[in-house]
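Since the structure comes first, as structure tokens, the remarks are kept for the end.
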Amino acid sequence: MASFKQDVTLRHQANLGEDVQDVRFEAGATVEVLQEWEKHWLVKDGEGRVFNVPKDAIEA
-2 MASFKQDVTL RHQANLGEDV QDVRFEAGAT VEVLQEWEKH WLVKDGEGRV FNVPKDAIEA
């Protein structure tokens, strides 16, 4: 598990054609890291939503 270093608001779109929602995470909120790239993590929250997050926002 990884956690957010600071409060952050990310955008999530469940399916094409649906509205984009803002999802707020507080510092310390945990997520599961699915994949790592050079500057980003692919993470999944407790509700199963997937986000592309800059590495500087996550403490792995």
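43 is the number that my numbering gives to position 46 of the sequence shown; each next residue is one higher, with no gaps. Idealized CB from N, CA, C, for every residue including glycine. These numbers were taken from a predicted model, which means no experiment stands behind them.
Using DSSP with H/G/I as helix, E/B as strand and the rest coil, what is residue i?
i	result
A26	coil
D19	strand
A67	Nothing can be reported for residue 67: it is not among the residues displayed for the chain, which extend from -2 to 57.
E33	strand
K2	coil
L39	strand
Over what stretch of residues does the beta strand (DSSP E) that includes residue i continue unbroken?
i	result
L7	5 to 9
Considering only residues of the same chain and omitting the five flanking positions on each side of residue i, which have a CB-CB separation below 8 Å?
i	result
Q32	W38, L39
F22	F1, D4, V5, T6, L7, V28, D42
I55	A(-1), S0, F1, K2, V28, V30, W38, V40
Which same chain residues end up closer than 6 Å to residue i when comparing Cβ atoms and leaving out the 5 residues on each side of it in sequence?
i	result
H9	Q18, V20, R46
If I measure Cβ to Cβ from residue i and keep anything under 7 Å in the same chain, skipping five residues before and after, which residues do I get?
i	result
N49	H37, L39
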